[in-house]
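Visitor: Chains as they are written, first to last, in this note's numbering: chain A, 5 to 129; chain B, 5 to 450. Mind having a look at this structure? Questions to follow.
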Amino acid sequence: MNVPSNLLFTKDHEWALISGDEAKVGITEYAQHELGDIVYIELPAVGDPVSKGDSIGTIEAVKTVADIYSPLSGEIIEINEALKDASELVNKDPYGEGWIARIKISDPSEAKGMLTPEEYSKLIG
Amino acid sequence: MHTIPNTPEVEKELLDAIGVQRFEDLLVNIPRTFLEKCRIHLPEPLSELEASRHLQNLANQNRNTENTVSFLGGGAYDHFIPAVVDFLIGRSEFYTAYTPYQAEVSQGTLQSIYEYQSLICHLMDMEVANASMYDGATALAEAAIMSCGITKKDKVLVSPLVNPGTLKVLKTYLSNRKIEIALLPEKNGQTDFSTLPELIGERVAAVLVQSPNFLGTIEELSGVSAKVHEKKAMFVLSVDPISLGILKSPGGWDADIAVAEGQPLGIHQSFGGPYLGVFSAKKTLVRNMPGRIVGQTVDVDGKRGYVLVLQTREQHIRREKATSNICSNQGLMALAATIYLSLMGKTGLKQAATLCLNNSHYLAEKISSLKGFRLPYGNAPFFKEFVVETPISPKEIIAAGLKENFFAGIDLGDYREDWKNHLLIAVTEKRTGKEIDFFVKFLSKF
Chain A
5 MNVPSNLLFT
15 KDHEWALISG
25 DEAKVGITEY
35 AQHELGDIVY
45 IELPAVGDPV
55 SKGDSIGTIE
65 AVKTVADIYS
75 PLSGEIIEIN
85 EALKDASELV
95 NKDPYGEGWI
105 ARIKISDPSE
115 AKGMLTPEEY
125 SKLIG
Chain B
5 MHTIPNTPEV
15 EKELLDAIGV
25 QRFEDLLVNI
35 PRTFLEKCRI
45 HLPEPLSELE
55 ASRHLQNLAN
65 QNRNTENTVS
75 FLGGGAYDHF
85 IPAVVDFLIG
95 RSEFYTAYTP
105 YQAEVSQGTL
115 QSIYEYQSLI
125 CHLMDMEVAN
135 ASMYDGATAL
145 AEAAIMSCGI
155 TKKDKVLVSP
165 LVNPGTLKVL
175 KTYLSNRKIE
185 IALLPEKNGQ
195 TDFSTLPELI
205 GERVAAVLVQ
215 SPNFLGTIEE
225 LSGVSAKVHE
235 KKAMFVLSVD
245 PISLGILKSP
255 GGWDADIAVA
265 EGQPLGIHQS
275 FGGPYLGVFS
285 AKKTLVRNMP
295 GRIVGQTVDV
305 DGKRGYVLVL
315 QTREQHIRRE
325 KATSNICSNQ
335 GLMALAATIY
345 LSLMGKTGLK
355 QAATLCLNNS
365 HYLAEKISSL
375 KGFRLPYGNA
385 PFFKEFVVET
395 PISPKEIIAA
405 GLKENFFAGI
415 DLGDYREDWK
425 NHLLIAVTEK
435 RTGKEIDFFV
445 KFLSKF
């Protein structure tokens, strides 16, 4: 299972790519595999304030629905509009074209609480 | 259901096994005062013959639209129901079935629901319809909740001329959801939309309107949807399905969600139910819709089949995030509406609607020329129902009408103080010229 070394993770299977005071977030390869074919994604709105652990959207697969939890606190500054018509991008490329949203981070110290690639790899074992 | 009599022997055996003397010993934790209240005082048993005679006598005291000429409306109407409707829905394959839980093995049920949805989309001129809801009132309440879910806002603006019963249901549905209800102004029997742009604040998720409204008046909806959409709110329209034979459709008014009480579509008035909640919407909103939706597909051999679709909206998958807590539909009544609409067709529905229009306007004109009677909303357009101001209490007129074997209408004074001495009269396609003329003659005596 692909666990890129430049990302941080949550135990709820989200990833964050932090650069400066911004973070790009999405769900992991493991998460998309567990969900199966994704048919619809409910995205947050740009400008929404988020706290770490808040639901920022839902992912709908054929037989289930899962929440997307924000790995960090801050404000949504961009959403992946492409997912509105092509939710399968999350299945195909969860760390790339299937990203969910970009967040302006309000509390950089929260990143320290996230899982390292090694810790996440161990979690999904 | 099996009902097994509890004989004294069986009861003793049960009590012995439990280890108590009497049944009452099992109820010791319930305070005595409550138990006293629960005691049911039944009369002595009757034989089958006596019981059936007694029930028949009770039933014969009922007045209904079979034995009484009805000018009653206010949400439930005496429209003609072709015999085929009752015959077909009475077939055991349909009659005993319920909303499909083992859905895909019930292909016949699913197909009938699919046909129903298709007919509703045509009728309402909307893109998607669900498998139906409990009644028109709950359909409107669900539309309000759905609007708040989509817009993430927490207030709805409602026309004060929505059916009062529906308004009550709306309040009940919204009371525990922290959604505020505010009423729009009204003027001369119509909703007043002139101040709508100022009234739709940031918090308003939807504007809910019924047309024809409770007074029978057709609402002036030109420009309403544009004003609503400008403020990123939903326009929810509740209609009389029969009126769509001649009136502009909800789709034509650019409604986002369109609902209706489906009772006029081949369903008996009974004692207020079961009725049918018609629910339809724009396709972009389908994922937020409540209720079940049937879709058409092909199986592995390429043969046509029907399935429940978009079930991830529903609570057995989505739990607290479900779009609604409805997990059922009004199957048999939806089937009645399906058969009714199939029989009537576009032409039949238009004929029925035109007759309603002509009959009611004929009666309104006759009444308005009677001394002491007046049409308080004279210039407002109406479809099949209208309000008459009466020289005496409508209750007296209604009571006198019953003696002459007809239902004269509804006393609106029961609903609002300012509607005192207002009688609501509905005239369907079933009313003959003779019946209408008799009614006029009857009223002329007051």
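Even for Gly, the Cβ is constructed at its ideal location relative to N, Cα and C.
Check whether the Cβ atoms of PRO245/B and LEU127/B lie closer than 8 Å to each other.
Guide: Cβ distance < 8 Å, so PRO245/B and LEU127/B count as in contact.
Visitor: Would you decide whether MET5/B is buried or exposed? Buried here means 16 or more other CB atoms lie within 10 Å of its CB.
Guide: Here MET5/B scores only 49 on pLDDT, less than 50, and its place in the model should not be relied on; the value that follows carries that caveat. With fewer than 16 other Cβ atoms within 10 Å, it is exposed.
Visitor: Under 8 Å between beta-carbons, which chain B residues line up against VAL69/A? List them in chain order, please.
Guide: Those within 8 Å of VAL69/A in chain B are THR316, ILE321, ARG322 and LYS325.
Visitor: Touching or not, the stretch 183-202 of chain B and the stretch 217-227 of chain B, by the rule of three or more beta carbon pairs under 8 Å?
Guide: Contact between the stretch 183-202 of chain B and the stretch 217-227 of chain B is present, because at least three Cβ pairs lie under 8 Å.
Visitor: By Cβ distance, which residues of its chain are closer than 7 Å to SER113/A, with the 5 residues on each side in sequence left out?
Guide: Cβ within range, chain order: n/a, list empty.
Visitor: So, LYS108/A versus ASP25/A, is the Cβ gap smaller than 8 Å?
Guide: Result yes, Cβ atoms of LYS108/A and ASP25/A sit closer than 8 Å.
Visitor: Could you name the residues of chain B that TYR44/A contacts, counting a contact when the two beta carbons are closer than 7 Å?
Guide: What TYR44/A touches in chain B: ARG291.
Visitor: Can you pull the chain B neighbours of GLU64/A, defined as C-beta to C-beta under 7 Å?
Guide: Residues of chain B passing the Cβ test: THR316.
Visitor: Could you check what DSSP says for LEU93/A in three-state terms: helix, strand or coil?
Guide: Looking at LEU93/A - three-state DSSP - the assignment turns out to be helix.
Visitor: Please state whether the Cβ-Cβ distance between PHE443/B and PHE75/B is less than 8 Å.
Guide: Yes.
Visitor: Kindly list the residues whose CB is nearer than 7 Å to the CB of GLU46/A, restricted to its own chain and excluding five residues on each side of it in sequence; keep chain order.
Guide: Closer than 7 Å at Cβ, skipping near neighbours: GLY61 and THR62.
Visitor: Report the three-state DSSP secondary structure of TYR34/A (helix, strand or coil).
Guide: Correct three-state label for TYR34/A: helix.
Visitor: Please report the straight-line C-alpha distance between GLU2/B and ASP260/B, rounded to a whole angstrom.
Guide: Since the first and last residues shown for chain B are 5 and 450, residue 2/B lies out of range.
Visitor: Report yes or no: is there a C-beta of chain A within less than 8 Å of the C-beta of MET5/B?
Guide: Reliability fails at MET5/B, whose pLDDT of 49 lies under 50, so the model's placement of it is uncertain and no value is given.
Visitor: Identify every residue that forms a DSSP beta bridge with LYS28/A.
Guide: BP columns for LYS28/A point to LEU21/A and ARG106/A.
Visitor: Which residues mark the beginning and the end of the alpha helix (DSSP H) in which SER179/B is found?
Guide: Looking at the DSSP string, the run of the alpha helix (DSSP H) that includes SER179/B is 168-179.
Visitor: Can you list, in chain order, the residues of its chain whose CB lies under 7 Å from that of VAL7/A, leaving out five sequence neighbours each side?
Guide: Within the same chain, VAL7/A has close Cβ partners PRO121, TYR124 and SER125.
Visitor: Just to confirm, are ILE124/B and ASN292/B a CB contact at a threshold of 8 Å?
Guide: No; because the gap between Cβ atoms is not below 8 Å, this pair is not in contact.
Visitor: Residues in its own chain within less than 7 Å of ARG308/B by CB, not counting five upstream and five downstream?
Guide: Taken in chain order, the residues that qualify are GLN300 and VAL302.
Visitor: Does the beta carbon of GLN267/B come closer than 8 Å to any beta carbon on chain E?
Guide: Chain labels in this structure do not include chain E; the protein chains are A and B.
Visitor: Pick out whichever of THR32/A, ILE72/A and ASN84/A has its Cα sitting closest to the Cα of ARG106/A.
Guide: Among THR32/A, ILE72/A and ASN84/A, the Cα nearest to that of ARG106/A belongs to ASN84/A.
Visitor: Excluding the 5 residues flanking PRO164/B on each side, which residues of the same chain have their C-beta closer than 6 Å to its C-beta?
Guide: Counting only Cβ-Cβ distances below 6 Å, and skipping sequence neighbours, we find LEU187 and GLU190.
Visitor: How far does the beta strand (DSSP E) with THR301/B in it reach, from first residue to last?
Guide: Counting along the chain, the beta strand (DSSP E) containing THR301/B begins and ends at 298-302.
Visitor: Reducing DSSP to helix, strand and coil, say where LYS159/B ends up.
Guide: The answer is strand: DSSP assigns LYS159/B an E or B state.
Visitor: With a 10 Å radius around its C-beta and 16 neighbouring C-beta atoms as the bar for buried, classify GLY405/B as buried or exposed.
Guide: Buried, since its Cβ has 16 or more Cβ neighbours within 10 Å.
Visitor: Just checking, does the stretch 104-121 of chain B make contact with the stretch 262-279 of chain B on the three C-beta pairs under 8 Å criterion?
Guide: Result no; under three Cβ-Cβ pairs closer than 8 Å.
Visitor: Extract the residue ranges of the alpha helix (DSSP H) inside the stretch 317-376 of chain B, only unbroken runs of 4 or more that lie entirely within it.
Guide: As far as the stretch 317-376 of chain B is concerned, its whole alpha helix (DSSP H) runs of at least 4 residues are 319-322 and 335-372.
Visitor: From which residue to which residue does the beta strand (DSSP E) around GLN111/B run?
Guide: Note, GLN111/B: premise wrong, no beta strand (DSSP E); alpha helix (DSSP H) at 111-128.
Visitor: Can we say the stretch 198-209 of chain B touches the stretch 380-397 of chain B, given the rule of at least three CB pairs closer than 8 Å?
Guide: Touching, no.
Visitor: If distances are taken between C-alpha atoms only, which option among LEU347/B, GLY417/B and ALA368/B comes closest to GLY86/B?
Guide: Sequence inspection shows Pro at residue 86/B; the Gly mentioned does not correspond to that position. Among LEU347/B, GLY417/B and ALA368/B, the Cα nearest to that of PRO86/B is on LEU347/B.
Visitor: Could you pull the DSSP bridge partners for GLN214/B from this structure?
Guide: According to DSSP, which records beta bridges pairwise, GLN214/B is partnered with SER242/B.
Visitor: Across which residues does DSSP place TYR44/A in a beta bridge pair?
Guide: Bridge partners of TYR44/A: GLU64/A.
Visitor: Run the CB neighbour count on GLN344/B, radius 10 Å, all protein chains shown included, and call it buried at 16 or more, exposed below.
Guide: Per the sequence presented here, residue 344/B reads as Tyr, with Gln not at that position. So TYR344/B ends up on the buried side.
Visitor: So what's THR221/B in DSSP terms, helix, strand or just coil?
Guide: If DSSP states are grouped into helix, strand and coil, THR221/B belongs with the strands.
Visitor: Identify which residue in TRP19/A, HIS37/A and MET118/A has its Cα closest to the Cα of ILE72/A.
Guide: Nearest of TRP19/A, HIS37/A and MET118/A to ILE72/A, Cα basis: TRP19/A.
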